[in-house]
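**Q** Sharing a structure below in structure tokens format, with a few things to ask.
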Amino acid sequence: MANEQYITFKIEGKIYGINITEIIDIYEKMEGIRIPNAENYIESVINLRGDVVVLISLKKKLKIIKKVEENYIVICEKDKEKYGLLVDNIEGIINVSKVKEEESEDEYIKGFVEKDGKEIIILNLKNIINKN
Amino acid sequence: MATRVLIVDDAIFMRRMIADILKKEGFEICGEAGTGSQAVQMYRELQPDLVTMDIIMPDMSGIDAVREIIKEFPNAKILMVSAMGQQSLVVEAIQAGAKDFVVKPFQPSRVLESVNRVLNLK
Amino acid sequence: MTNYEELFISEAEEYLEQVSDSILKLEKDMNDVEAINSIFRGMHTIKGMAASMGYSSITKISHSIEDVMDLIRSEKLQVSSELVDLLLKGTDYIQSLVHKREIDDNIIKSFLKVIDSIKTGSETFKENNQVDDKKDRKKPEKLSNSEKVIKIIFADDVVLKSARAFVVIKNLQDKNLYIKSEPDFDSIMKENFKDEIELFIKDTPQIETIIEQIKGIPEIKDAFVLKEDEIKKDQEIVIEKKDIKVSLERLDNLQNYASELVIARGRLQQIAYSLQNEELINSLNSTSKIISNIQDEIMKIRMVPVGQVFDRYPRYIRDLSNRFKKKINFVIKGRDIELDRAILNSLADPLLHLLKNAVDHGIETPEERLKNKKGETGSIVLEAKRVKNGVLIIVSDDGKGLDRNKIIEKAISLNLVDEEKVQHLSESDIYSLITNEGFSTKEEVNDISGRGVGVGAVYNVLKQIGGTLEIMSQKNKGTTFTLKLPLTLAIIKTLIVKVSDETYIIPLSHIVETIDIRKEDIFTIMGKEVFILRDEVVPLVRLSNIFKCENTEEKEKYSIVLVEVDDSFYGILVDNFMEQSEVVVKPLKGILSGIHGLAGVSILNNGMPSFIVDVPGVVSMAKEE
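Protein chains in written order, with the UniProt record's numbering: chain G, 1 to 132; chain Z, 1 to 122; chain U, 1 to 625.
So this is what it looks like as structure tokens:
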């Protein structure tokens, strides 16, 4: 039976997960600079050990109202470029045997899993890191 | 026996001039041709020791004539007679097997120099 | 992939490029001995490499072509356009096989059969002519150690110098001694030499006789064998090959480290100056020089001749012109001009687009051309030129030109300009409208604008590497695209400026001068802010507006960066100048690509990223405001 690992994190009280294979690293939030004339969900760019990395506001992308500041950056990669996703707090790693892939209305959500009675929303990274 | 030369040129004036230069030096003009195809035909009949060949001529060009002649007679000795500004054509003729060239207008001594060199080639 | 495989692919690739280039030369001049030899040598080498790798199909194909070339070399076979096609086909097959693309065995078999029939055909021809020079079938590669160089000096009154030189060369060729010349064959044929040339020949006991024969050729002043030490140094390199191969990845790493070193140096300098420690400053200065030298050397390694990319195109143009039934004379100029490898590579596709457009939309069909009183054959020129601070790459055609009115019509319908503004646009501005994405995405635009596809892509690539694009066109006369490129990509000299609480980088290449002005010096003419500089009205570009900066305050004094774009001056208005600095440019990729007004990003000495301003971009954004 295929066992998959997910990194889970919190955004405004809800738990989200991304497949561990899609994640490179996790950092504490750091200061960057604003990108003029960019889409509103593109928060800033930072210097990550010599790499210029774009930070993406998941709250803006997923249309979640922001009440608290994000504390962490989840670094992932798409088309050989690194991106940072802003999240409130890191929960941990979960093992799940199978993700219930549901037909979702939301292109950014891949599906849902349940762990210890809590619902975890699995994100579709490919669609989140997209120009449109 | 005198060296036999075939002169190929579409202008009678040019043929006369070359013939005069060569006759003075004891060459025998065994034939004159005014076109490329005529030149090929006359070469077959006369098998001369040397051909002077104009490049631009009606019906068959001097270069094609060189090709035809060399194909049948690989050791044919052909001297191209060119005008200024025909450099690439001269190169083509040399590639086709002509041994040397002179450029119009020419000095008699210059013509004889090339003629003698070509004749001395093995 | 094993190391051998990698090396095999990269080397085979090189030889294949050389071969297909030579095949195309051969097509233009079927007697091009140099090209014939080059194809022969290339195939011979590929055969050897493939055989040692155990690639039997490649070995067979290259062997068969080598044989054919040998027949041509010894003039037992004439080059024809059918043969050229066949050579290209064979090269294609090898290319596919090198890249592990399967080819049906039957295809290869039938190819080899055709080649065989050609070979036997010429064999009969040989017998008829009773020419026998089997002993001449030597491989030129082995001879490099026993070469001699003959210097030929022409008489002062030589006429048709090239043809005269060719008489000498042909003479040596007939004796099977000729290897190559200096300058090369093409240059000699174009009379690109003064009154002497050097010919490389195989060593022979009869060399003295040969010299005498050459001296006997009319209009040759002198001929003699050069002594070892008289041969130019770079020629020795050709003979001995003192280069080594370095993987591009290593080179890139090296460059990245050097770039980081430059950043680290900047940071150190800041610290040293703030500490005011003279000893530290002095030793840092000398370290700094060494770092600059390393940087320079690495940049030089990265420079490659544009021919590396340009030489891929003749083949492409040839295929394309056949497909579109156009007659085209394609000319490449300046293939020796050097450019940073990364820049050159990023241009490979954009140039392809431009050339394709030139063939497809630029050059008319032969019938159309005749109707327009032009020669049947159109001409496309791809030229590289060295200019101050950079390199120009010019793609020009003598085709029908862009349709100015239709571009304007389309631009208005796409809301790119309004009718009133169009009146103020320069010719070059109007043609530049086709670089807008609206023009390039829609299929039907092709037919309307004559161009479209790709031009937007070209523009974006140029923006990323800090280049500019200028388009000029004239109805029925043709179109010219001029790409202006920086010499090297990685490091540029810049001015760092402050705009409200943000920092931006402006490349020095665009800057004319910097000026401080007071608030009262700014005027408004027709809704646009301007200032007066030496009696000239200069439009202002307020960077805080363009970049929608927050926390902007009205100030008493401003700083102006005077820039020049398309022969006009503009004043970029900022709050302060910070410093001049060399920065390492990183291109904008992924979701950052295509953001208006930004040309790249860099990490400053303080460790923070900062965006590099796309100067022409912000100027046009200001015009549209």
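Glycine included, C-beta positions come from ideal geometry on N, C-alpha and C. Bear in mind that the values here come from a model prediction, so they are computed numbers and not experimental data.
Scan the stretch 198–229 of chain U for residues whose Cβ lies nearer than 8 Å to a Cβ of chain Z and list them as they occur along the chain.
**A** Against chain Z - using a Cβ distance shorter than 8 Å - the residues of the stretch 198–229 of chain U are Gly-216, Ile-217 and Pro-218.
**Q** Kindly list the residues whose CB is nearer than 7 Å to the CB of Z:Val-102, restricted to its own chain and excluding five residues on each side of it in sequence; keep chain order.
**A** For the purposes of this step, residue 102 of chain Z is taken as residue 102 along the second sequence, with counting starting at 1. Result list for Z:Val-102: Leu-79, Val-81, Arg-110, Val-111 and Ser-114, in chain order.
**Q** So what's Z:Lys-104 in DSSP terms, helix, strand or just coil?
**A** Taking the first residue of the second sequence as position 1, residue 104 of chain Z is located at position 104. Three-state DSSP puts Z:Lys-104 in a strand.
**Q** For U:Leu-588, which residues of its own chain have a beta-carbon under 7 Å away from its beta-carbon, when the five flanking residues on both sides are left out?
**A** Locating residue 588 of chain U in the third sequence gives position 588, where the first residue counts as 1. The answer, listed in chain order, is Gln-464, Ile-595, Leu-598, Gly-600 and Val-601.
**Q** Using DSSP with H/G/I as helix, E/B as strand and the rest coil, what is Z:Gly-31?
**A** Numbered from its first residue, the second sequence carries residue 31 of chain Z at position 31. In the structure shown, Z:Gly-31 sits in a strand (DSSP, three-state: E or B).
**Q** Could you round the C-beta distance between U:Pro-314 and U:Leu-87 to whole angstroms and report it? I think they count as a contact, below 8 Å.
**A** In the third sequence, counting from the first residue as 1, residue 314 of chain U sits at position 314. In the third sequence, counting from the first residue as 1, residue 87 of chain U sits at position 87. The pair is not a contact, with the Cβ atoms about 14 Å apart (cut-off 8 Å).
**Q** Which word fits U:Ile-560, buried or exposed, when buried means at least 16 other C-beta atoms lie within 10 angstroms of its C-beta?
**A** Position 560 of the third sequence, counted from the start, is the residue given in the question as residue 560 of chain U. Classification for U:Ile-560: buried.
**Q** My output table needs one value for U:Asp-447: the three-state DSSP class, helix, strand or coil.
**A** Translated into positions along the third sequence, residue 447 of chain U becomes position 447. For U:Asp-447, the predicted model reports a pLDDT of 38, less than 50, meaning its position is unreliable and no value from the coordinates is stated.
**Q** For chain G, is any of its Cβ atoms less than 8 Å away from the one on U:Leu-251?
**A** Residue mapping note: residue 251 of chain U aligns to position 251 of the third sequence, counting from 1. Chain G, which has no Cβ nearer than 8 Å to the Cβ of U:Leu-251, makes this no.
**Q** Kindly indicate which residue of U:Tyr-93, U:Phe-166, U:Asn-192 and U:Glu-147 has the alpha-carbon position closest to the one of U:Ile-207.
**A** Sequence index remark: in the third sequence, residue 207 of chain U carries index 207 (1-based). Taking only the C-alpha atoms, the option nearest U:Ile-207 is U:Glu-147.
**Q** Mind checking whether U:Phe-154 and U:Ile-220 have CB atoms under 8 Å apart?
**A** Taking the third sequence and counting its residues from 1, one reaches residue 154 of chain U at position 154. Taking the third sequence and counting its residues from 1, one reaches residue 220 of chain U at position 220. Cβ distance < 8 Å, so U:Phe-154 and U:Ile-220 count as in contact.
**Q** Anything in chain U within Cβ reach of Z:Val-103, meaning under 8 Å, just list it in chain order.
**A** In the second sequence, counting from the first residue as 1, residue 103 of chain Z sits at position 103. Ordered by position in chain U, the residues that pass the 8 Å Cβ test against Z:Val-103 are Val-159 and Leu-160.
**Q** When the cut-off is 8 Å and only beta carbons count, does U:Glu-579 lie next to chain G?
**A** Residue mapping note: residue 579 of chain U aligns to position 579 of the third sequence, counting from 1. For U:Glu-579, the answer is no, since every Cβ of chain G falls outside 8 Å of its Cβ.
**Q** Rank G:Ala-38, G:Glu-91, G:Glu-107 and G:Glu-69 by C-alpha distance to the C-alpha of G:Gly-17 and give the top, closest one.
**A** In the first sequence, the residue the question calls residue 17 of chain G occupies position 17. Nearest of G:Ala-38, G:Glu-91, G:Glu-107 and G:Glu-69 to G:Gly-17, Cα basis: G:Glu-91.
**Q** Where does U:Lys-139 land, buried or exposed, given buried means 16+ other C-beta within 10 angstroms?
**A** Translated into positions along the third sequence, residue 139 of chain U becomes position 139. A caution first: U:Lys-139 carries a pLDDT of 35, below 50, which makes its placement in the model unreliable, though a value can still be read off. That one is exposed.
**Q** The alpha helix (DSSP H) with residue 708 of chain U in it runs from where to where?
**A** Only positions 1 to 625 of chain U appear in this structure, which leaves residue 708 of chain U out of reach.
**Q** Establish whether the CB of G:Asp-79 and some CB of chain B are separated by less than 8 Å.
**A** Any reference to chain B falls outside this structure, whose protein chains are G, Z and U.
**Q** Thinking C-beta only, is U:Ser-379 closer than 8 Å to U:Asn-329?
**A** The sequence position of residue 329 of chain U within the third sequence is 329, counting from 1. The sequence position of residue 379 of chain U within the third sequence is 379, counting from 1. The answer is yes: Cβ separation under 8 Å.
**Q** Only counting the same chain, and skipping five residues up and downstream in sequence, which positions put a Cβ closer than 8 Å to that of Z:Leu-46?
**A** Position 46 of the second sequence, counted from the first residue, corresponds to residue 46 of chain Z. So the qualifying residues of the chain are Arg-4, Leu-6, Cys-30 and Gly-31.
**Q** Taking C-beta pairs closer than 9 Å, name the residues in chain Z that U:Lys-25 reaches, listed in chain order.
**A** Mapped onto the third sequence, residue 25 of chain U falls at position 25. Per Cβ cutoff of 9 Å: no residues; U:Lys-25 is ~14 Å from chain Z at best.
**Q** What did DSSP end up calling U:Pro-218 once you bin it into helix, strand or coil?
**A** For the purposes of this step, residue 218 of chain U is taken as the residue at position 218 of the third sequence. The answer is coil: DSSP assigns U:Pro-218 none of H, G, I, E or B.
**Q** Mind listing the chain G neighbours of U:Lys-498? Cutoff is C-beta to C-beta under 7 Å, in chain order.
**A** Taking the third sequence and counting its residues from 1, one reaches residue 498 of chain U at position 498. The premise fails here: U:Lys-498 is roughly 13 Å from chain G at the closest Cβ pair, so nothing lies under 7 Å.
**Q** Consider the Cβ of G:Val-74: report whether some Cβ of chain U lies at a distance smaller than 8 Å.
**A** Here residue 74 of chain G corresponds to residue number 74 of the first sequence, with the count starting at 1. No - not a single Cβ of chain U is within 8 Å of the one on G:Val-74.
**Q** Whose Cβ in chain U lies nearer than 9 Å to the Cβ of G:Lys-129?
**A** In the first sequence, residue 129 of chain G corresponds to position 129, counting from 1. Sequence inspection shows Ile at residue 129 of chain G; the Lys mentioned does not correspond to that position. Those are Gly-590 and Ile-591, listed as they occur along chain U.
**Q** Comparing the C-beta of U:Phe-310 with each C-beta of chain Z, is any distance below 8 Å?
**A** Along the third sequence, one-based indexing puts residue 310 of chain U at 310. U:Phe-310 does not count as touching chain Z.
**Q** If I measure Cβ to Cβ from U:Ser-52 and keep anything under 8 Å in the same chain, skipping five residues before and after, which residues do I get?
**A** Stepping through the third sequence from its first residue, residue 52 of chain U is reached at position 52. Closer than 8 Å at the Cβ level, and outside the excluded window around U:Ser-52, lies no residue.
**Q** For U:Ile-603, decide whether its Cβ has a neighbour in chain G, counting only Cβ atoms nearer than 8 Å.
**A** Here the question's residue 603 of chain U lines up with position 603 in the third sequence. Yes, contact with chain G.
**Q** Does the distance from the CB of U:Pro-507 to the CB of U:Val-615 come in under 8 Å?
**A** Translated into positions along the third sequence, residue 507 of chain U becomes position 507. Translated into positions along the third sequence, residue 615 of chain U becomes position 615. It is a contact, given that the beta carbons lie within the stated cut-off.
**Q** At least one CB of chain U closer than 8 Å to the CB of Z:Val-81: is that the case?
**A** For the purposes of this step, residue 81 of chain Z is taken as the residue at position 81 of the second sequence. Cβ-Cβ to chain U under 8 Å: no for Z:Val-81.
**Q** Just to make sure I have the definition right: I need the residues of chain Z whose C-beta is within less than 8 Å of the C-beta of U:Lys-170. Which are they?
**A** Locating residue 170 of chain U in the third sequence gives position 170, where the first residue counts as 1. Simply Ile-94 and Gln-95.
**Q** Under 9 Å Cβ-Cβ, which residues of chain U neighbour G:Asn-37?
**A** As a position in the first sequence, residue 37 of chain G is number 37, starting the count at 1. The contacting residues are Ile-546, Phe-547, Lys-548, Ile-595, His-596, Gly-597, Leu-598 and Met-621.
**Q** I need the straight-line Cα distance from U:Val-159 to U:Glu-367, nearest angstrom please.
**A** Against the third sequence, residue 159 of chain U aligns to sequence position 159. Against the third sequence, residue 367 of chain U aligns to sequence position 367. Their backbone Cα atoms lie some 40 Å apart in a straight line.
**Q** Are any of the Cβ atoms in chain U nearer than 8 Å to that of G:Asn-40?
**A** Stepping through the first sequence from its first residue, residue 40 of chain G is reached at position 40. With 8 Å as the cut-off, G:Asn-40 does not count as an interface residue toward chain U.
**Q** Would you list the residues sitting across from G:Leu-48 in a DSSP beta bridge?
**A** Your numbering for residue 48 of chain G matches position 48 in the first sequence. DSSP, once it has assigned bridges, lists G:Asp-51 as partnering G:Leu-48.
**Q** Quick check on G:Asn-40: buried or exposed, where buried means 16 or more other Cβ atoms within 10 Å of its Cβ?
**A** What you label residue 40 of chain G is simply residue 40 of the first sequence in a count that begins at 1. It is exposed - the Cβ of G:Asn-40 has fewer than 16 other Cβ atoms within 10 Å.
**Q** Would the beta-carbon of G:Val-54 fall within 8 Å of that of G:Tyr-72?
**A** Reading the first sequence from its first residue, position 54 is the one you call residue 54 of chain G. Reading the first sequence from its first residue, position 72 is the one you call residue 72 of chain G. Result no, Cβ atoms of G:Val-54 and G:Tyr-72 do not sit closer than 8 Å.
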